[in-house]
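Participant: Under the working numbering, read the sequence shown as residues 339 to 392, first letter to last.
Even for Gly, the Cβ is constructed at its ideal location relative to N, Cα and C.
Source: prediction; values computed, not measured.
The structure's right below; bear with me while I get my questions together.
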Amino acid sequence: MIRLENIGKQNGRQIVFIEASAALQKGEKIGLVGPNGAGKTTLFRMITGQEQPD
């Protein structure tokens with residue numbers, strides 16, 4: 339299981355996430371869709387520990 343609770347991330351003046359939360363169960367599949375710069379890669383980096391939330 340992956341659980342994110344109230345994460346926030348800001349790059350300079352750009353706010354990427356404000357109090358974002360999600361929970362994924364084992365075997366569950368999701369898709370992240372959004373324009374360039376929306377924070378998709380940042381979210382995966384935070385999940386894998388490559389980047390820390392603010």
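1. At the level of alpha carbons, what is the spacing between Pro373 and Lys364?
2. For Lys367, does the three-state DSSP call read helix, strand or coil?
3. Going by DSSP, name the residue or residues bridged to Phe355.
4. Hey, how far is the Cα of Ala358 from the Cα of Ile385?
5. Quick check: what's the CA-CA separation for Leu370 versus Leu381?
Facilitator: If we stick to the structure as given:
1. 27 Å
2. coil
3. Lys347
4. 13 Å
5. 10 Å
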